[in-house]
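Structure first, commentary second.
Below you can see the structure in the form of structure tokens.
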């Protein structure tokens, strides 16, 4: 399938694009918000589109039109205030869901955060971030889209192990971004992950085996 990666210039986004490019099953489209970000994907030979989740729903829908799936891995990062968290992680995500519905792009994989579904697990230091993730996820679940919501634990810049643990109520732990990217790509066509949301950390089960036994919320 033709997969538009929203947040393609991010750390997970870049790895997702590269995995999609290597795949015999999928073709990536990188959605970037700055012209200077296009060069990276041009050099990879990856189609890219210039658009921002700060744009209108109509403009986002136009940018993603013709895709078969969306991977939403955009985020405000840890150095912005609650205002940007609200605009990017909540409103930007919701506008992308609305745009996907408008453009007829039915498959949607959302990158959330471990524990976002359970208020009692929210880290007080970044509570606005969890609020944004929680409600963006809920709106996706209430949409007409075929969704998968991946809630990774603490993200590491390490080599992936290819082995994970998934579930609905995992103890807080970590996972390499490389493994999160692999889970996203593997989820796209794994029907067992359709209409599912799950926590994700490093573990002992190979990714493909774990996804075939998803028991989410």
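Residue numbers (the numbering used here): 674 to 890. Glycine residues also receive a C-beta, built at the ideal position from the N, C-alpha and C atoms. Because the structure is a prediction, the values reported are computed rather than measured.
> By Cβ distance, which residues of its chain are closer than 7 Å to residue 839, with the 5 residues on each side in sequence left out?
Replying inline: Excluding the 5 residues flanking it on each side, residue 839 has same chain C-beta neighbours closer than 7 Å at 871, 872, 873, 883 and 887, in chain order.
>> Ignoring anything shorter than 4 residues, give me the alpha helix (DSSP H) runs that lie fully in the stretch 722 to 798, in order along the chain.
In response: The qualifying runs are 730 to 737 and 766 to 776.
>> Could you check whether residue 764 and residue 726 sit closer than 9 Å to each other, using their CB atoms as the reference points?
In response: Yes, these two residues count as a Cβ contact at 9 Å.
>> At the level of alpha carbons, what is the spacing between residue 811 and residue 695?
In response: Going by the C-alpha atoms only, they are around 32 Å apart.
>> Any contact between the stretch 812 to 820 and the stretch 839 to 851? By contact I mean 3 or more CB pairs, one from each, below 8 Å.
In response: Between the stretch 812 to 820 and the stretch 839 to 851, the count of Cβ pairs shorter than 8 Å is below three; the stretches do not touch.
> Between which two residues does the beta strand (DSSP E) carrying residue 840 extend?
Replying inline: Boundaries of the beta strand (DSSP E) harbouring residue 840: 836 to 840, taken from the DSSP string.
>> Whether or not the stretch 850 to 857 and the stretch 823 to 836 are in contact is what I'm after, with contact meaning three or more pairs of Cβ atoms, one per stretch, closer than 8 Å; do they touch?
In response: Because the criterion of three Cβ pairs below 8 Å is met, the stretch 823 to 836 and the stretch 850 to 857 touch.
>> Can you give me the C-alpha to C-alpha distance between residue 822 and residue 858, rounded to a whole angstrom?
In response: Separation of residue 822 and residue 858 (C-alpha to C-alpha, rounded to the nearest whole angstrom) is 13 Å.
>> Per DSSP, what are the beta-bridge partners of residue 720 in this structure?
In response: DSSP lists 702 as the bridge partner or partners of residue 720.
> Looking only at C-alpha atoms, which of 737, 803 and 693 sits nearest to residue 762?
Replying inline: The shortest Cα separation from residue 762 among 737, 803 and 693 belongs to 803.
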